[in-house]
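Asker: Just so you know, we're using numbering that gives the first Met the number 0 here: the sequence shown kicks off at 0 and counts up by one.
Glycine included, C-beta positions come from ideal geometry on N, C-alpha and C.
Provided herewith is a single structure, encoded as structure tokens, for subsequent inquiry.
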Amino acid sequence: MEVKVKLFGDLREGRFKEEKTELEENSRVIDIINKHNLPLDKVAICMVNSCQAEFGQVLQNQDTVAFSPPVGGM
Numbered sequence: 000m001e002v003k004v005k006l007f008g009d010l011r012e013g014r015f016k017e018e019k020t021e022l023e024e025n026s027r028v029i030d031i032i033n034k035h036n037l038p039l040d041k042v043a044i045c046m047v048n049s050c051q052a053e054f055g056q057v058l059q060n061q062d063t064v065a066f067s068p069p070v071g072g073m
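Given below as structure tokens:
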């Protein structure tokens with residue numbers, strides 16, 4: 000199956016902004032993190048199709064998955 004992966008903030012450094020990736024059926028969000036060697040401690044926000052998601056969520060073909068590091072303010 001194919002999913003679109005979007006990276007934000009520091010997670011883009013040395014990687015990509017957005018790309019399509021092939022995964023096996025019944026893959027989970029954590030499988031994308033592992034496939035792209037994203038530092039787990041830097042992934043603070045995970046969204047699937049614009050909804051908050053957990054690392055164990057099973058993905059569907061054509062899902063869009065976005066990862067963001069912690070967001071600072073002030």
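I'd like to confirm the pairing. Which residues does DSSP put opposite residue 12 in its beta bridges?
Answerer: DSSP output for residue 12 lists no bridge partner at all.
Asker: State the CB to CB distance for the pair residue 29 and residue 55, rounded to an integer number of angstroms; the pair is presumed to be in contact (CB under 8 angstroms).
Answerer: The pair is a contact, with the Cβ atoms about 7 angstroms apart (cut-off 8 angstroms).
Asker: List the endpoints of the continuous beta strand (DSSP E) containing residue 47.
Answerer: Looking at the DSSP string, the run of the beta strand (DSSP E) that includes residue 47 is 44 to 47.
Asker: Kindly list the residues whose CB is nearer than 6 angstroms to the CB of residue 41, restricted to its own chain and excluding five residues on each side of it in sequence; keep chain order.
Answerer: Cβ within range, chain order: 68.
Asker: Using a C-beta cutoff of 8 angstroms, does residue 2 count as contacting chain C?
Answerer: Note that chain C does not occur in the displayed structure, where there is just one protein chain.
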